[in-house]
Structure formats: C-alpha cells, structure tokens
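Colleague:
Numbering (the working numbering), first residue to last: 2 to 194.
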C-alpha cells in the first residue's frame with residue numbers, strides 16, 4: 002500500500018522531510034565533521050544529497066544552458082573574492098554553492114512552488130521566509146541576526162515571486178545571485194564566518 006499516491010505528493014513529502022531534517026540538524030548537532038580546510042556539518046550533507054535528487058526532477062528538464070553560464074560567471078567572481086579573503090576551498094564551496102544554491106532550489110524552487118499550488122503567494126512567501134530563518138542556527142541565539150535573516154528570506158522570496166512570472170529559470174538565477182551577494186557581504190563584514 003502506498004502512503005502517497007502521486008509522484009508530485011511523493012516529491013513534496015520528500016522535500017518537506019529534508020527541510021525538517023535540515024532544521025533538526027541545525028538545532029540538535031548530532032554529528033559534526035571537521036576538515037582542515039573548513040567545517041562541514043550534517044545539514045550540508047543532507048542538503049547536498051537532496052540537491053542531487055532534485056536536480057534530476059526539476060532542473061534537468063528545464064534545459065538551463067545560458068542560465069548555468071551566468072550563474073557560473075557569478076560564482077567565479079564570488080570565488081575570486083572569497084579566495085582573496087583567505088577562505089579555504091571547502092568553506093567557499095559550502096558558503097556559495099551548497100548554501101546559496103541548495104537553499105534557493107529547496108526553499109524557493111521546490112517548496113515555494115509546491116506551496117503555491119495550495120496556498121496564496123503571500124502565505125507561501127511567509128512560510129518559506131520563516132523556514133529560511135529557522136534553518137540558520139545563529140538566529141536562535143541572536144535576535145538581530147534572526148531579524149536580518151527574516152528580512153533576507155522575505156527579500157529572496159519576493160525576488161523569486163517577482164521573476165517567476167517571466168520564467169522559473171530567471172527567478173532561480175536572481176534569487177541565487179542575490180543570495181550569493183548577501184553571503185559575500187556577510188563574509189566581508191565578518192557576520193558570516
């Protein structure tokens with residue numbers, strides 16, 4: 002007997018479970034891996050595995066071509082700046098690729114789209130903004146950081162909502178690009194470490 006009857010509900014359940022796991026691993030640190038070049042925790046590994054699964058179902062059929070070139074160009078500039086700020090390669094990959102890209106694909110590209118099928122755009126934006134804030138551990142101990150994350154999550158969701166009317170590719174490009182720039186600013190201001 003199948004619990005979920007349709008492929009779409011199966012995918013939404015998988016994404017929801019992954020986001021819950023991300024929140025749990027952020028709040029209850031069970032396993033931490035420390036590498037010489039940087040810090041990797043369980044939530045990034047869960048996110049990476051989920052990202053690889055999501056790519057097959059959502060990104061591959063879109064035939065993104067030029068979108069990936071633009072994202073690659075932006076990532077190159079971010080990497081150059083991060084390297085000059087003496088971050089290790091593992092930390093660069095974690096901050097800009099895994100964090101920005103995975104969070105945007107999961108929260109905006111998948112969950113937001115799933116919520117839009119059942120809820121109003123405003124409610125979907127509010128829920129994904131709150132989830133965006135909840136997956137960042139520092140928000141639990143620093144209310145100003147939580148407020149900044151709430152504003153950032155709302156901004157990224159608003160950007161995604163605005164550009165998705167033109168195309169999903171453009172929405173993902175803009176949201177991910179702005180997310181990377183915000184992380185870069187946070188690194189340079191020593192807010193993100």
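For glycine and all other residues, C-beta sits at the position ideal for the given N, C-alpha and C. Only a predicted model underlies this, so the values are computations on that prediction, with no experimental measurement involved.
1. Hey, which unbroken runs of the alpha helix (DSSP H) at 4 residues or more fall wholly within the segment 134–183?
2. Taking the alpha helix (DSSP H) that residue 115 falls in, what are its first and last residues?
3. Apply the 10 Å Cβ neighbour rule to residue 124 and answer buried if 16 or more other Cβ atoms are within range, or exposed otherwise.
4. Closest Cβ-Cβ distance between residue 160 and chain D: below 8 Å?
5. So, does the segment 176–188 touch the segment 99–115, judging by three or more C-beta pairs under 8 Å?
6. Can you list, in chain order, the residues of its chain with a C-beta nearer than 6 Å to that of residue 137? Leave out the 5 residues immediately preceding and following it.
7. By how many angstroms is the C-alpha of residue 186 removed from the C-alpha of residue 115?
8. Apart from the five residues just before and just after residue 134, which ones in its own chain have a Cβ nearer than 7 Å to its Cβ?
9. Might you give, ordered along the chain, the residues of its own chain that have their beta carbon closer than 6 Å to the beta carbon of residue 110, omitting 5 neighbours on each side?
Modeller: Based on what the coordinates show:
1. 144–164
2. Within the chain shown, the letter at position 114 stands for residue 115. Note, residue 115: alpha helix (DSSP H), 114–117.
3. To locate residue 124, count along the chain shown from 1; it is residue 123. By the 10 Å Cβ count, residue 124 comes out exposed.
4. In the structure shown, chain D cannot be found, because there is only a single protein chain.
5. yes
6. Numbered from its first residue, the chain shown carries residue 137 at position 136. Cβ within range, chain order: 150.
7. Taking the first residue of the chain shown as position 1, residue 115 is located at position 114. Taking the first residue of the chain shown as position 1, residue 186 is located at position 185. Distance between the alpha carbons of residue 115 and residue 186 is about 30 Å.
8. What you label residue 134 is simply residue 133 of the chain shown in a count that begins at 1. For residue 134, where only same-chain residues beyond five positions count, the Cβ hits under 7 Å are 140, 147, 150, 151, 154.
9. Counted from its first residue, the chain shown places residue 110 at position 109. Counting only Cβ-Cβ distances below 6 Å, and skipping sequence neighbours, we find 173.
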